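Have a look at the structure below, then the notes.
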Amino acid sequence: MRPSRARAPLVWAPPTSSPTIVRPCQPCGTPLALAGVREAASPVFTIVPVLDIRHRRVVRARAGDRAHYAPIETPLAPGSEPVDILAGLARLHPFRAYYVADLDGIEQGRPNLDLVAPLAVTVPEAEMWVDAGIADAAAARRLAEAGAGRVLIGSESAPPPRLALDLTQEGHPVALSLDFRGDDFVGPAALLDDAALWPDVVVVMTLARVGMGRGPDLAKLEAIRRRAGDRRVFAAGGVRGPDDLAALANAGIDGVLVASALHDGALTSADLAAFG
Numbered sequence: 464m465r466p467s468r469a470r471a472p473l474v475w476a477p478p479t480s481s482p483t484i485v486r487p488c489q490p491c492g493t494p495l496a497l498a499g500v501r502e503a504a505s506p507v508f509t510i511v512p513v514l515d516i517r518h519r520r521v522v523r524a525r526a527g528d529r530a531h532y533a534p535i536e537t538p539l540a541p542g543s544e545p546v547d548i549l550a551g552l553a554r555l556h557p558f559r560a561y562y563v564a565d566l567d568g569i570e571q572g573r574p575n576l577d578l579v580a581p582l583a584v585t586v587p588e589a590e591m592w593v594d595a596g597i598a599d600a601a602a603a604r605r606l607a608e609a610g611a612g613r614v615l616i617g618s619e620s621a622p623p624p625r626l627a628l629d630l631t632q633e634g635h636p637v638a639l640s641l642d643f644r645g646d647d648f649v650g651p652a653a654l655l656d657d658a659a660l661w662p663d664v665v666v667v668m669t670l671a672r673v674g675m676g677r678g679p680d681l682a683k684l685e686a687i688r689r690r691a692g693d694r695r696v697f698a699a700g701g702v703r704g705p706d707d708l709a710a711l712a713n714a715g716i717d718g719v720l721v722a723s724a725l726h727d728g729a730l731t732s733a734d735l736a737a738f739g
């Protein structure tokens with residue numbers, strides 16, 4: 464287990480206006496602006512399914528309470544084997560990327576490198592994002608060699624603040640996850656305070672909303688979006704269905720990590736096709 468980490472309390476400014484909704488039209492998938500509503504800032508909204516893997520089984524994540532995650536039950540696959548779940552998701556929709564959380568690696572600081580290759584070959588056309596508790600450059604390189612198309616650096620793993628940027632400058636595709644519990648940032652304060660340390664992909668991970676169906680934290684996401692420049696910003700936690708996807712797209716968020724809404728049927732194949 465990791466040592467306890469300082470959490471920096473934050474005060475988030477509320478959005479300047481109530482969020483407006485852009486709904487995808489059917490069947491074309493083009494955002495259909497309601498009267499007086501601006502178009503989504505991002506030309507492509509990317510939906511990234513999440514596989515949370517613990518003890519080599521895909522588990523149902525809830526509120527970041529990892530000790531109580533149970534093996535997932537889903538209509539997409541007969542069991543909880545990671546390859547079976549991944550294949551079921553691929554049948555649902557041709558996703559461009561998948562997010563794999565090696566929870567044992569995150570908790571113990573020892574990535575399970577052998578998890579990655581079987582998943583990568585199952586969907587070779589997609590990019591495999593892997594979060595395995597990486598906190599140093601050598602471990603990140605080993606994870607990339609094992610088949611990770613993009614290495615996730617999570618702030619809760621307390622990495623050196625420049626790690627994501629240094630790996631990017633070496634040519635490794637990297638994403639930085641800014642991890643929050645409520646309004647508390649989990650990780651080195653510099654990672655939140657200095658946007659110059661952010662790579663080209665930033666995930667805003669609201670752990671308390673994961674699997675809880677409370678909706679995304681739009682205020683927090685918009686605060687990060689305003690500071691991110693031309694980086695791609697992804698939401699993680701709280702998505703309930705297509706209306707939340709539309710609200711995120713309209714707020715200029717580039718994509719979302721999602722799990723429960725896919726397994727519960729709240730996001731159907733038609734919904735996913737409408738967003739590309």
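Each residue of the sequence shown is one higher than the last, beginning at 464 in our numbering.
Glycine included, C-beta positions come from ideal geometry on N, C-alpha and C.
The structure presented is a predicted model; accordingly, all values stated were derived computationally and were not measured.
Each residue's CA atom was taken as its position, placing Ala-609 and Pro-581 some 10 Å apart. Bridge pairing for Arg-520: Arg-517 [DSSP].
For Ile-510, the secondary structure class from DSSP, reduced to helix, strand or coil, is strand. Here Val-522 has Asp-515, Ile-516, Tyr-532, Ala-533, Pro-534, Ile-535, Ser-543, Leu-566 as same chain residues with Cβ atoms under 8 Å from its own Cβ, once five neighbours each way along the sequence are excluded.
Contact check between the stretch 682-689 and the stretch 630-638: fewer than three CB pairs, one atom from each, fall below 8 Å, which does not count as touching. Note on geometry: alpha-carbon atoms of Asp-663 and Asp-547 lie some 31 Å from one another. Closest in alpha carbon position to Gly-645, among Val-696, Arg-605, Gly-701, Ala-595, is Gly-701. Rounded to the nearest angstrom, the gap between the Cα atoms of Ala-699 and Pro-623 is 23 Å. With contact defined as three or more Cβ pairs closer than 8 Å, the stretch 727-737 and the stretch 701-710 are in contact.
Exclusion of the five residues before and after Leu-549 leaves Leu-514, Tyr-561, Leu-582, Thr-585, Val-586 as the residues of its chain whose Cβ lies within less than 8 Å of its Cβ. Residue state for Glu-608 is assigned as helix, using DSSP reduced to three classes. Assignment of beta-bridge partners to Leu-720 by DSSP yields Val-511, Ala-699. Judged by their CB atoms, Gly-718 and Val-563 are not nearer to each other than the 8 Å cut-off. Just measuring C-alpha positions, the residue of Ala-611, Pro-541, Leu-681 sitting nearest Val-667 is Leu-681.
Straight through space, the alpha carbons of Arg-613 and Gly-678 are spaced by roughly 26 Å.
The three-state reading of DSSP puts Gly-568 in helix, counting H, G and I together.
Our two residues, Ala-709 and Ala-598, have alpha carbons roughly 34 Å apart in a direct line. Rounded to the nearest whole angstrom, the CA to CA distance from Pro-651 to Thr-537 is 36 Å.
Buried is the label assigned to Arg-672, since at least 16 other Cβ atoms lie within 10 Å of its Cβ.
By the Cβ neighbour-count rule, Val-579 is buried, with 16 or more other Cβ atoms within 10 Å of its own.
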